[in-house]
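Under this note's numbering, read the sequence shown as residues 6 to 113, first letter to last.
Every residue gets a Cβ at the ideal spot worked out from N, C-alpha and C, and that includes glycine.
What follows is one structure encoded as structure tokens, with my remarks underneath.
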Amino acid sequence: MSLNKPSESEDEYFAREEAAKLQRQAAAQAQHMQKSEREERKKLHFMKCPKCGFDLREVPYRGITIDKCFECGGIWLDDQELELLTGHKDHNVFSGILKLFRADKTPA
Ligand SMILES: [Zn+2]
């Protein structure tokens, strides 16, 4: 183990600081953006993969809707859906999601 490796709590601290900074920047950006520009962006990007631009497909799972890109394999969760999953009684909920999409790696 390297002596320079940050501890988990240091990692958490820097990740939280970075997230808070990005949230402030996004709020400032949204404040300066016209409503029409925000609506135009939503029209262009709604249900498109943020990584590759392919259409996202909705997969219902345990009370939420997973938005899945079957092109690059990315998975998107809407606001509050991660909280709903982490609050789930079954702590294996994330491995359940992985198993859910394992089939898309199998040749047809
Ligand atoms: Zn994608």
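For residue i, the residue or residues it bridges with in DSSP
i	result
P65	T70
I80	K73
D60	K53
CB of residue i within 7 Å of CB of residue j, strictly
i	j	result
C77	K104	no
V98	L90	yes
For residue i, the nearest candidate out of the options (CA to CA)
i	options	result
C74	A32, L87, F51 and E45	F51
E63	L82, K48, R107 and K47	L82
K53	A31, A32, G79 and D84	G79
task: Kindly confirm or deny that the segment 16 to 26 and the segment 35 to 47 touch, where touching means at least three C-beta pairs closer than 8 Å.
output: no
- request: Report yes or no: do three or more beta-carbon pairs, one from the segment 59 to 73 and one from the segment 39 to 48, lie closer than 8 Å?
  value: no
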